[in-house]
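Residue numbers (the numbering used here), protein chains in the order written: chain C, 4 to 455; chain Y, 11 to 686.
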Amino acid sequence: MTTYNGKSRRAFLSLCLKGGASVAALTSLQLQALSNTLNNESLTDYKALVCIFLHGGSDSLNMLVPTSGQHRTNYEQSRQNLVVNDVINLTTKTQFEGGVGLHPSMASLTPLFDNGQLAFVGGVGTLIAPTSLVDYQNKAVSLPGHLFSHNDQQATWMHGQEKISLNTGWGARMLERLNQHSAFTSNISLAGSNPWQSGVQTSPYALSRTGVMKINPLSGYQPQVDHVKSIIDRLLQTHTNSPIQDAYASRLGRSISNVQNMNNLLEQAPVLTTQFSDNDLSQQLAAVAKSLSISSQTTSQRQIFFVSLGGFDTHDEQLTKQPALLSTLATALSEFQSALNELALQNSVTTFTMSDFGRTLTSNGDGTDHGWAGNQLLMGGAVNGGDVHGAMLDQLVGGPLDVGGGRLIPQFSNEQYFAPIAKWFGLSEAEVHELFPNSMNFDAFTLPLFNS
Amino acid sequence: MKLLAILVVFTFALSACGGGTSDSNVTNDSNNTGSPSTPTGIDTDNQTGGDSQTPDTGNSEDENPDAGAQDGIGAAPIVDVRAPGNIVRKGTTIVIDSVVTGGNEQLTYLWEQISGPTAFILDSQSSSLNVTLPETNSPNRDDFVFALTVTNSEGLSTYTETTIESINAMTQKQAAALLHQSTLGPTHAEIKAATGKSEEEWINAQLESLTTYHMPLLANYPNKDQPSHINRIDAWWKASLSAPDQLRQRVAFALSEIFVVSDASSALRGEPEGMTNYYDMLLKNAFGNFRTLLESVTLSPVMGVYLSHLGNEKADLEKNIRPDENYAREVMQLFTIGLDELNLDGTVKLDKDGNTIPTYSQLEIGGFARVFTGWTFAYSARWNRPSKNYTLPMQPFEDYHSNLEKHLLNDDIIPADTGAEESMKLALDNLFMHPNVAPFISKQLIQRLVKSNPTPAYIERVATIFNDNGQGERGDLAAVVKAILLDDEARKYSVVLEHTGKIKEPILTKLHFWRTLNAASQVNRYYTWNLSTTYGQGPLLSPSVFNFFRPDHRPSELLDSNLVVPELQIATDSNMISTTNSHYSNLVWRMAERKSALNPNTIYMYGEAHITLLEETGLHALLDHYDVVYFAGSMSDETRSALIDLDSYFENRTSADRISQLLYMISLSPEFNYQN
């Protein structure tokens, strides 16, 4: 498979090289020729998925909290000094005991929630099979490997499956399944390489936030540029008996051609009236919006984007850190949705969050530790919004879901969260089951995340 | 001085031989011992350097009592063999002389090689042996035994064996290869100085050289009375560029990617002294003991802030507060043992069902979390009024330390009511003694210095030294570093392995050019902003405790192989382009000799030596020089011809232009970026 991959990449590279230094003249028709190497007959529409990864493990059980009754009492007793007050009462389609209160730092999201463009998924986490406390204690069911460990749990979320020797991300697998992987524009990251977008035949194109990147030696006096480029090509196309050295050569060659092609496209991008804030996440999403604005010229019918916001590992100073993080997230989400409305892509683009894990209900003084179940956000015109899908967990230390220290067992597996997203993206139910090996242990489509 | 050539002599008489007193004197010139053989034979002198020993005279009971000079029949020649003085090196031609006393007429000589790699003997029948020893083909010394048989006219013979040890004399390319693995990018002068020495001599000298600490180089920000974040980076550049203790600097850099702290986006950004002090702590312990290093890391207030065990309190059940688990988890997962049980060779252990075996569970995390309670800044007046001293090791407040029992690895339990200091020491001992530590740390150090995919056998050889340096010490990092660099798999003198080498870290390629081009600004400042966005990395600038790249990262290009290439994790499109752009602006736009006027704040490259070489000896000599300095001698014909063709376009430009373009093309060439 990788042989094919290597060949296709070389073919792609050599095609681009024919454009040489005058690649700026590469037309969208040529790009189409590059990207249409595989058929995509079944797809007639355009869709994009934007994953926002909240690095460090978001204390999302503190993002949606109970507002009244026994659940509130349990919550306050568990959380002690980290209790969130002055929450925003959400009116949800589904009724939950204790109500649903949104963290006050996320007030900018309430219009989106109320007009049905935003939903939450509650009580979700990594699971292999439905798991009770007794199952957990008796090791009666298989559990995800290395629970509570950052990079392992991040990988489990992004792979959509447990560790296997040749693992791939579920974002990349969807593209490959839909034959949408051959164009680099279908797989774009604003946050570097990551498991979600790494497949057998595709890996993410890392876009810089500013978009266009000049390549210093390849700009200026054309005859010199042509000469220098010809030498670069010679060096990068030489094959050696070191696969590691060749991987570097292929990577640099791909980077040069990708950047030149992307520059060419982005120069044609329209200027949006939506203003994005200066924060890191807003800036990443601004670059995604810019890329989406030229999506019609890429011929990619499916695109996946990856952005990330770090700092959620709130072992300390949670009372100051979490409000700032959630506020940044809410601001960036509402700006992004506004840009999508402006581009008339609101129904074609779905944005969703993932995070390492939820956090402990107990405090370590001024912060929380690595937990398990949490809540996620899902946004877009296609989303069945204005509701919490899944469960509002009873936040009770020592309760029936607590495996210790206030780490709650998820009531829905993350694959039950992913499956409807993959189905919306265009995969058949059979393909979804193939994509997520453990989803057969659950009812994969029990959560109505999208408008039917 | 260490003995470098040992002469072992024993003689015996083939026929009647005398037991007469020998009047020969032992010749002891310099390090070498020559000893006269006497016909009293069987007497083996195993002399060591500097010893002066007069051979026994022949009264031995072992001798044939019927034979002997006293019978006046005759005596075998008394042969004194003189091996060369000083150090004997591989690849050199040496002369072993013989001096025969008594009856010098009509002697015949026969030299033979008895053991060792085949050496070239010029003439085997003269009184002195002229022999050319084989070139370096292993990092170990070669041992040779040469025999001389001297026979006199009476047919009496004396047989003498001489042992010669030859140590390596690195060629320029061998030295370059070693220094690519063990410096922050070798200069030509450093390679030249190492050439002719053995690997071990160079490493030993490095191990013994004085440590260049970064703290004295930490300057205040201009017009401020304190340093800022950029001054920490400036100090790192200054030390890295010019420190003579390059091996220590390289190993400390490697350690900074295992024991990760970062001020990329944390409160530590405001603590340049603390951060610099942390780096100095790594330098200090780089050749010390791992256990000491682990304790220094653990008690560093910078680490305490970074992984939040500073100010971590014991449980308060009423408030539902329990100890912070952050450090407990990462000290195990990242700093000592990893997630899965390992064999000594670094492969994962499997249980009977073929599953990996986790090294710890929440039980141990809870135990270690209790251990790391009660610690805060040194000399704090009270727990709640911390001193904010970011340089001294943390100190404990017992009132805030958990007095419950603490469950460690291997079901070791620290009993209740054990104090903070003692608990910490017991817990770190517990980690240190875990069998995973040796392969876990050894493999990562190999990956940082030598190659991404060491064979299990290589890991096992190094891990064995980690567990016992030969003198019973566990965790001797100097011995570990030495074992890594001297291993056959690192030196590759004889074995050619399929998957050698690694991709160079991008920040180290920049540093290499800066070191070889004397990068400097007139104001003597190295303010490099945006290292992370340009190179995807920088000193103590990791985006998380998981470092810039993971040791098991497998790039998409190699998914069907079993190869990992950690450094390619940060080789994203934007990082690759910004790295090559940065090389271009350094090597082309900021080549001082291309400028008519210099901006005092700008860091320029000085290509003077390269220009002189080009002008005085021509392009081919310059490329030979680049082959050694930038490719460690592995520049292929393809790369060389590409560089020649590149230069053809610039032939009529200034020499500064020409070397700029050549250096830039080298900077992006796959061969340069691959450390073979």
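In this text, a Cβ means the ideal position worked out from N, Cα and C, and glycines have one as well.
{"Query": "List the DSSP bridge partners of Val271(Y).", "Result": "Answer by DSSP bridge pairing: none, since Val271(Y) is not bridged."}
{"Query": "Pair every Cβ in the segment 238-258 of chain C with every Cβ in the segment 602-621 of chain Y, then say whether three or more of these pairs are closer than 8 Å.", "Result": "no"}
{"Query": "Going along the chain, which residues of its own chain have a beta-carbon closer than 6 Å to the beta-carbon of Pro549(Y), five neighbours each way excluded?", "Result": "Trp246"}
{"Query": "Taking 8 Å as the CB-CB limit, is Pro87(Y) close to chain C?", "Result": "no"}
{"Query": "Can you check which of these residues, Pro553(Y), Val89(Y), Arg650(Y) and Phe407(Y), is closest to Trp393(Y) by C-alpha distance?", "Result": "Phe407(Y)"}
{"Query": "Reducing DSSP to helix, strand and coil, say where Gln304(C) ends up.", "Result": "coil"}
{"Query": "Cα separation between Leu317(Y) and Tyr337(Y)?", "Result": "5 Å"}
{"Query": "Using a Cβ-based criterion (distance less than 7 Å to any ligand heavy atom), does Ile131(C) qualify as near the ligand COA?", "Result": "You won't find the ligand COA in this model; it holds no ligand whatsoever."}
{"Query": "Please say whether Gln259(Y) and Leu158(Y) have beta carbons closer to each other than 8 Å?", "Result": "no"}
{"Query": "Tell me whether the segment 553-563 of chain Y and the segment 226-241 of chain Y touch, counting them as touching only if at least three CB pairs, one residue from each stretch, are closer than 8 Å.", "Result": "no"}
{"Query": "When the distance is taken between beta carbons, is Gly174(C) closer than 8 Å to Cys54(C)?", "Result": "yes"}
{"Query": "Cα-Cα, which of Pro445(Y), Ser148(Y), Thr118(Y) and Arg339(Y) is closest to Leu496(Y)?", "Result": "Ser148(Y)"}
{"Query": "Starting from the Cα of Asn154(C), find the closest Cα among Asp62(C), Leu57(C), Ala425(C) and Glu79(C) and give me that residue.", "Result": "Leu57(C)"}
{"Query": "How would you list, in chain order, the residues of chain Y whose beta-carbon sits under 7 Å from the beta-carbon of Gln286(C)?", "Result": "Near Gln286(C) there are no residues of chain Y at all, since even the closest Cβ is about 12 Å away, more than 7 Å."}
{"Query": "Pick from Asn190(C), Trp199(C) and Leu136(C): whose alpha carbon is nearest that of Asp359(C)?", "Result": "Trp199(C)"}
{"Query": "Measure from the alpha carbon of Gln263(C) to the alpha carbon of each residue in Asp249(C), Glu338(C) and Phe187(C), then state which is nearest.", "Result": "Phe187(C)"}
{"Query": "Kindly list the residues whose CB is nearer than 7 Å to the CB of Asn591(Y), restricted to its own chain and excluding five residues on each side of it in sequence; keep chain order.", "Result": "none"}
{"Query": "Over the uninterrupted beta strand (DSSP E) stretch that includes Asp152(Y), give me the two end residues.", "Result": "Asp152 to Thr161"}
{"Query": "Please name the residue in Gly72(C), Ser108(C), Glu100(C) and Gln73(C) whose C-alpha comes closest to that of Val87(C).", "Result": "Ser108(C)"}
{"Query": "When you compare each of Ser552(Y), Glu431(Y), Ala185(Y) and Gly356(Y) to Thr465(Y) by their alpha carbons, which one comes out closest?", "Result": "Gly356(Y)"}
{"Query": "If you measure between the beta carbons of Ser258(C) and Ile587(Y), is that distance less than 8 Å?", "Result": "yes"}
{"Query": "Flag this pair as touching only if the segment 346-363 of chain Y and the segment 313-328 of chain Y have three or more C-beta atom pairs under 8 Å; answer yes or no.", "Result": "no"}
{"Query": "With DSSP collapsed to three states, give me the class of Glu340(Y).", "Result": "helix"}
{"Query": "Counting only C-beta atoms, is Arg673(Y) closer than 8 Å to chain C at any point?", "Result": "It should be noted that the sequence gives Leu, not Arg, for residue 673(Y). Answer no: the Cβ-Cβ gap between Leu673(Y) and chain C never drops below 8 Å."}
{"Query": "What span of residues does the alpha helix (DSSP H) with Ser337(C) cover, start to end?", "Result": "Gln321 to Glu345"}
{"Query": "Look at the alpha carbon of Val315(Y) and the alpha carbon of Phe442(Y), and state the distance between them as a whole number of angstroms.", "Result": "23 Å"}
{"Query": "Say whether chain C places a C-beta atom closer than 8 Å to the C-beta of Ser167(Y).", "Result": "no"}
{"Query": "Along chain C, which residues have their Cβ under 9 Å away from the Cβ of Gln372(Y)?", "Result": "Leu150, Phe151, Val406, Gly407, Gly408 and Arg410"}
{"Query": "Just grab the DSSP bridge partners of Thr386(Y) for me.", "Result": "Gln405(Y)"}
{"Query": "Kindly identify the DSSP beta-bridge partner or partners of His373(C).", "Result": "Arg362(C)"}
{"Query": "Can you give me the start and stop residues for the beta strand (DSSP E) that Asp107(Y) sits inside?", "Result": "Thr103 to Thr111"}
{"Query": "Pick helix, strand or coil for Met586(Y), following the three-state DSSP scheme.", "Result": "helix"}
{"Query": "List the residues that DSSP assigns as beta-bridge partners of Glu175(Y).", "Result": "Asp153(Y)"}
{"Query": "I think Ala379(Y) touches Pro403(Y), with their Cβ atoms under 8 Å apart; what is that distance to the nearest whole Å?", "Result": "No, Ala379(Y) and Pro403(Y) are not in contact; Cβ-Cβ is about 20 Å, not under 8 Å."}
{"Query": "DSSP three-state call for Asn118(C): helix, strand or coil?", "Result": "coil"}
{"Query": "Name, going along the chain, the residues of the segment 565-597 of chain Y whose beta-carbon falls closer than 8 Å to a beta-carbon of chain C.", "Result": "Pro565, Ser566, Glu567, Leu568, Leu569, Asp570, Ser571, Leu573, Val575, Leu578, Gln579, Ile580, Ala581, Thr582, Asp583, Ser584, Asn585, Met586, Ile587, Ser588, Thr590, Asn591, Tyr594 and Ser595"}
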